Amino acid sequence: MEAQGFIHHQLDLALRLMDSITGRAIEESSIQFLTQSQDKTIISRGAGMFIFLNTGREDFDLEICVYGYEPRKIKITYPIQKEHLPIRDVYLLPLNNPVLENVLALRGNMPGIEDIEAVSLTNTNCCIKEFDARTRVMTILNQKNAHFRHNHYGLLNKNRTAFEHFELEREINPQTLKCKKRLKEEFQINQPIVRVIFGQTNEQGDYVLKVEKEEDAQYLVRFVVNGKEFFQKVDFHEEGCILSCQEETEEKREV
Numbered sequence: 023m024e025a026q027g028f029i030h031h032q033l034d035l036a037l038r039l040m041d042s043i044t045g046r047a048i049e050e051s052s053i054q055f056l057t058q059s060q061d062k063t064i065i066s067r068g069a070g071m072f073i074f075l076n077t078g079r080e081d082f083d084l085e086i087c088v089y090g091y092e093p094r095k096i097k098i099t100y101p102i103q104k105e106h107l108p109i110r111d112v113y114l115l116p117l118n119n120p121v122l123e124n125v126l127a128l129r130g131n132m133p134g135i136e137d138i139e140a141v142s143l144t145n146t147n148c149c150i151k152e153f154d155a156r157t158r159v160m161t162i163l164n165q166k167n168a169h170f171r172h173n174h175y176g177l178l179n180k181n182r183t184a185f186e187h188f189e190l191e192r193e194i195n196p197q198t199l200k201c202k203k204r205l206k207e208e209f210q211i212n213q214p215i216v217r218v219i220f221g222q223t224n225e226q227g228d229y230v231l232k233v234e235k236e237e238d239a240q241y242l243v244r245f246v247v248n249g250k251e252f253f254q255k256v257d258f259h260e261e262g263c264i265l266s267c268q269e270e271t272e273e274k275r276e277v
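Sequential numbering of the sequence shown, starting at 23, is according to this note's numbering.
Written as structure tokens, this is what we have:
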């Protein structure tokens, strides 16, 4: 029997759903993707990965609802990436419930806030040693041979008043990392490398950031307001703590 035709599928988007606190893939099966168009073909590939087939490359708004997590609205804008497989990581915040007694939260409202994320100021076991801008290979001091299982990390400056967010392409070995892009800022040996924890904001200016409840919960929070970047040290055990857009001097921000 001769073939009557071929069915072609185009991969237009791949979403990887991650827990914002642990950085691990979300394995929950009760998930809804809400868009203006209901004819999008979305297939689960396991380990928190979902692929969108034959949806076209037009911008669209997407709301993600996962059981046990706060709903999140994101905007898909093309071209997302130029790689063969366009993957976007989406970090979701666990809902507040009695089970989450091991979670601390920072909440507030700041008109114009666009982005919020943080790095720990205490869990700083790995440091940068060298970086080859040509190959984008970073050599690190990693005495405990900790593995880099996540994608997003921050390089703290010497005064721990700012950090540069960078993304890993892969871990070559526990002492060597391949970055997706070159570092933008100059650095010094022994600057700490810490995993980035993502928060959420909305158009009304509400923000929320959640971290694990530890005895020492000191974090450096990076947030963007009306296109301008700010950093603030936050103790998540301190009640009533909110973000403030106070200017820092260049001396304090010096890398």
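From the three backbone atoms N, C-alpha and C, an ideal C-beta is built for every residue, glycine too. Keep in mind that this is a model prediction, so the values were computed, not measured.
query: CA-to-CA distance, Lys97 to Leu35, given in whole angstroms; result: 12 Å
query: Residue of Asn164, Arg94 and Val246 minimising C-alpha distance to Leu56; result: Arg94
query: Simplified DSSP assignment, three categories, for Val125; result: strand
query: Cα-Cα separation, Gln58 to Leu114; result: 21 Å
query: Sufficient close CB pairs (3 or more, under 8 Å) joining the region 129 to 149 to the region 203 to 210; result: no
query: Which residues DSSP lists as bridging Ala36, in chain order; result: Ile73 and Ile109
query: 6 Å Cβ shell around Gln240 - same chain, five flanking residues per side excluded; result: Leu143, Thr144 and Asp257
query: Cα-Cα separation between Phe82 and Asp154, rounded to whole angstroms; result: 38 Å
query: Where Pro214 falls, given that 16 or more other Cβ within 10 Å makes a residue buried; result: buried
query: Beta-ladder partner(s) of Ala140, from DSSP; result: Ile219 and Val243
query: Proximity of Met160 and Asp111 at Cβ, strictly below 9 Å; result: no
query: Cross-strand partners of Gln231 (DSSP beta bridge); result: The sequence as given places Leu at residue 231; Gln does not occur at that position. Bridge partners of Leu231: Leu128.
query: DSSP three-state assignment for Lys255, whether helix, strand or coil; result: strand
query: Secondary structure of Glu261, DSSP reduced to three states; result: coil
query: C-beta contact flag for Gly45 and Leu128 at 9 Å; result: no
query: Residues near Phe170 in its chain [Cβ-Cβ closer than 7 Å; skip 5 each side]; result: Leu190, Glu193 and Leu199
query: Residue closest to Pro196, alpha-carbon to alpha-carbon, out of Val246, Gln165, Glu237 and Val233; result: Gln165
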